[in-house]
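*Asks:*
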Amino acid sequence: LTFGQEAPIEVLVRASMPLPLPGAQEQELNSSSDSAGLGTGEQLEVDATNTARSALSLDLVTALVMHVPSDPAIGEAIRAAFLKAGAVHELLRYLKHILPSTPCDKTSPEWVAACQAPGLSAALRILTGLAAGFKDTQRLLAAHEEGRLLKLLLQLEGTAVSSMQSSGSSSEAGIGAQVGTDAEGLLEALKRDNEEVTHEIDSLRNEQRSAKSNRALQTRQKMLRALGIAVSTASDAESPAVGSLAAAVGAGGGGGGGLAPEAATEEVAKPVAAAAAAASSSAAACVEELMNFEDVEEDLRCCVCQEGYHFQPEEVLCVYTFVKPVAVQAGTLTPEASSQGGHEAQVYKVAPRFGLCSVSHFTVIHWHCHQSATRAAANLRPKPQGEWESATVRNSSSRCNALIPVLSPSLPDAAASQALER
Numbered sequence: 318l319t320f321g322q323e324a325p326i327e328v329l330v331r332a333s334m335p336l337p338l339p340g341a342q343e344q345e346l347n348s349s350s351d352s353a354g355l356g357t358g359e360q361l362e363v364d365a366t367n368t369a370r371s372a373l374s375l376d377l378v379t380a381l382v383m384h385v386p387s388d389p390a391i392g393e394a395i396r397a398a399f400l401k402a403g404a405v406h407e408l409l410r411y412l413k414h415i416l417p418s419t420p421c422d423k424t425s426p427e428w429v430a431a432c433q434a435p436g437l438s439a440a441l442r443i444l445t446g447l448a449a450g451f452k453d454t455q456r457l458l459a460a461h462e463e464g465r466l467l468k469l470l471l472q473l474e475g476t477a478v479s480s481m482q483s484s485g486s487s488s489e490a491g492i493g494a495q496v497g498t499d500a501e502g503l504l505e506a507l508k509r510d511n512e513e514v515t516h517e518i519d520s521l522r523n524e525q526r527s528a529k530s531n532r533a534l535q536t537r538q539k540m541l542r543a544l545g546i547a548v549s550t551a552s553d554a555e556s557p558a559v560g561s562l563a564a565a566v567g568a569g570g571g572g573g574g575g576l577a578p579e580a581a582t583e584e585v586a587k588p589v590a591a592a593a594a595a596a597s598s599s600a601a602a603c604v605e606e607l608m609n610f611e612d613v614e615e616d617l618r619c620c621v622c623q624e625g626y627h628f629q630p631e632e633v634l635c636v637y638t639f640v641k642p643v644a645v646q647a648g649t650l651t652p653e654a655s656s657q658g659g660h661e662a663q664v665y666k667v668a669p670r671f672g673l674c675s676v677s678h679f680t681v682i683h684w685h686c687h688q689s690a691t692r693a694a695a696n697l698r699p700k701p702q703g704e705w706e707s708a709t710v711r712n713s714s715s716r717c718n719a720l721i722p723v724l725s726p727s728l729p730d731a732a733a734s735q736a737l738e739r
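In my numbering, the protein residues as written are 318 to 739.
Quick look at the structure:
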């Protein structure tokens with residue numbers, strides 16, 4: 318629409334600003350209706366109309382920004398104009414207003430209410446379109462409040478909001494239904510062609526993994542202590558025997574009532590031999606278990622890691638498919654001619670309805686394996702591959718453009734909901 322020209326871009330930005338985010342727009346519209354002196358019934362009707370208009374405007378702005386061309390001559394000019402107009406700062410203020418100020422548990426009421434905010438998903442998608450490949454916006458978002466936004470996005474990334482929603486709120490039009498996917502898309506947009514931000518996001522991810530591992534280890538040790546099982550390391554097991562040997566030999570060499578070196582060695586060797594025998598029996602049991610191990614024949618196995626729901630029950634398996642829209646229920650209806658009259662039969666045409674037609678080579682892959690393979694293909698040199706270009710190679714050279722999840726009873730509810738949203 319703009320071809321990178323300054324005048325059309327200014328018109329586009331002026332038409333989009335201020336962003337029709339829920340909250341600020343509603344307050345402005347309510348104040349204008351109050352000043353007009355409308356009655357209660359008229360007030361409710363005006364509020365419903367204004368809310369629908371604001372939602373439509375927000376959807377249009379979101380679709381516009383998400384489809385900004387990747388061509389630097391056009392895309393960077395549009396993104397720079399939105400940044401100059403204050404769109405990014407307005408979105409950051411909105412996110413600061415609805416998201417918790419301090420880290421909290423995902424099951425807390427504050428976090429659930431924030432994830433179900435009506436404008437959160439749209440705000441994340443608009444930021445995704447404005448930050449994709451544009452380093453000024455990427456640096457601004459990464460440095461916002463010393464990385465607090467990145468930590469919140471990483472926490473939002475694994476959130477399946479549809480599983481939080483109660484049946485009473487399910488009638489609302491998908492409020493926050495794709496927050497986890499939108500946060501993941503924003504993180505990928507921040508990393509695009511920016512090594513500094515990529516390193517920062519990867520460092521935060523590693524910190525989160527380490528924190529989760531430490532919490533899991535502490536929980537495991539707490540449970541073992543509750544069962545009366547002592548937790549010790551190999552160095553702790555060796556140190557008493559070595560200390561006893563040194564003490565015994567030192568006492569014997571000092572001329573006191575200690576043991577001679579040969580006797581001290583014999584005394585200390587008894588617990589060491591017992592520990593060695595226990596370790597040997599444990600090793601023999603492990604070897605026997607490995608020898609008796611039998612692989613489980615599974616019908617569905619990931620084409621990358623070759624494991625299915627038996628060994629990874631909480632990892633979602635998906636099937637590569639090729640999907641395209643087709644017209645269904647299109648045709649004509651001709652009623653039977655009347656037996657009394659000789660009138661010509663009328664022809665009624667049925668309006669076509671569009672549906673989806675899919676075909677699959679039935680190549681199964683884990684969702685995380687697909688993501689890892691996609692990132693690896695994007696870093697190939699000298700010719701990087703796109704997501705579905707590399708997926709075609711894994712799909713036995715069959716075209717594909719979508720993933721359909723194959724759910725299992727072993728999947729947690731949150732993982733199944735998130736797979737269906739993606």
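Every residue, glycine too, gets a C-beta built ideally from N, C-alpha and C.
1. Hey, how far is the Cα of Ala708 from the Cα of Trp684?
2. Compare the Cα-Cα distances from Leu728 to each of Gly625, Lys452 and Ser520 and report the closest residue.
3. DSSP state of Leu673, grouped into three classes?
4. Classify Lys423 as helix, strand or coil using the three-state DSSP reduction.
5. Short check: CB of Leu409 to CB of His461, under 7 Å?
6. How is the alpha helix (DSSP H) around His687 delimited, first residue to last?
7. Spatial neighbours of Asp351 within its chain, please: CB distance less than 7 Å, with the 5 preceding and 5 following residues excluded, ordered by chain position.
8. Which value, in whole angstroms, describes the spacing of the CA atoms of Asp422 and Trp428?
9. Specify, as a first and last residue, the run of the alpha helix (DSSP H) that Ile326 falls within.
10. Straight-line CA distance for Pro701 to Met540?
11. On the premise that Leu504 lies in contact with Glu474, defined as a C-beta separation below 8 Å, what is that separation, rounded to the nearest angstrom?
12. I'd like to know whether the C-beta atoms of Gln455 and Leu412 end up nearer to each other than 7 Å.
13. When the distance is taken between beta carbons, is Ile721 closer than 7 Å to Val621?
14. Return yes when the Cβ of Leu470 is within less than 7 Å of the Cβ of Ala500, no when it is not.
15. Return the Cβ separation of Leu400 and Leu447 in integer angstroms, given the expectation that the two are a contact with Cβ distance under 8 Å.
16. Relative to the C-alpha of Arg306, which residue among Thr638, Glu614 and Thr536 is closest?
17. Could you tell me which of Gly436, Leu521, Ala440 and Val382 sits nearest to Val330, measuring between CA atoms?
18. Less than 7 Å between the beta carbons of Thr691 and Asn712, yes or no?
*Replies:* Result, derived from the coordinates:
1. In the sequence shown, counting from the first residue as 1, residue 708 sits at position 391. In the sequence shown, counting from the first residue as 1, residue 684 sits at position 367. Using only the alpha carbons, I get a separation of about 12 Å.
2. For the purposes of this step, residue 728 is taken as residue 411 along the sequence shown, with counting starting at 1. Closest by alpha carbon: Gly625.
3. On the sequence shown, position 356 is the one that residue 673 refers to. Strand at Leu673.
4. For this step, residue 423 is matched to residue 106 along the sequence shown. In the structure shown, Lys423 sits in coil (DSSP, three-state: anything other than H, G, I, E or B).
5. For the purposes of this step, residue 409 is taken as residue 92 along the sequence shown, with counting starting at 1. For the purposes of this step, residue 461 is taken as residue 144 along the sequence shown, with counting starting at 1. Judged by their CB atoms, Leu409 and His461 are nearer to each other than the 7 Å cut-off.
6. Within the sequence shown, the letter at position 370 stands for residue 687. Its alpha helix (DSSP H) spans residues Trp684 to Ala695.
7. One-based indexing of the sequence shown puts residue 351 at position 34. Residue placement at Asp351 cannot be trusted, given a pLDDT of 48 that sits under 50; what the coordinates show is reported in the next sentence. Nothing listed; no residue qualifies.
8. Residue 422 sits at position 105 when you count from the first residue of the sequence shown. Residue 428 sits at position 111 when you count from the first residue of the sequence shown. Cα to Cα, Asp422 sits roughly 7 Å from Trp428.
9. Within the sequence shown, the letter at position 9 stands for residue 326. Glu323 to Ser333 is the span of the alpha helix (DSSP H), which, as asked, contains Ile326.
10. On the sequence shown, position 384 is the one that residue 701 refers to. On the sequence shown, position 223 is the one that residue 540 refers to. C-alpha separation (whole angstroms): 48 Å.
11. Numbered from 1 along the sequence shown, position 157 holds the residue referred to as residue 474. Numbered from 1 along the sequence shown, position 187 holds the residue referred to as residue 504. About 7 Å separates the two Cβ atoms, so the contact holds.
12. As a first step, residue 455 is located in the sequence shown; it is residue number 138 there, counting from the start. As a first step, residue 412 is located in the sequence shown; it is residue number 95 there, counting from the start. In this structure, Leu412 does not lie closer than 7 Å to Gln455 by Cβ.
13. In the sequence shown, residue 621 corresponds to position 304, counting from 1. In the sequence shown, residue 721 corresponds to position 404, counting from 1. Against a cut-off of 7 Å, the Cβ pair of Ile721 and Val621 comes out as no contact.
14. The residue you call residue 500 lines up with position 183 of the sequence shown. The residue you call residue 470 lines up with position 153 of the sequence shown. The answer is yes: Cβ separation under 7 Å.
15. Stepping through the sequence shown from its first residue, residue 400 is reached at position 83. Stepping through the sequence shown from its first residue, residue 447 is reached at position 130. Right, their Cβ atoms sit about 7 Å apart.
16. Given a span of 318 to 739 for the chain in the structure shown, any question on residue 306 remains unanswerable.
17. For this step, residue 330 is matched to residue 13 along the sequence shown. Cα-wise, what sits closest to Val330 is Val382.
18. What you label residue 691 is simply residue 374 of the sequence shown in a count that begins at 1. What you label residue 712 is simply residue 395 of the sequence shown in a count that begins at 1. No. Outside cutoff.
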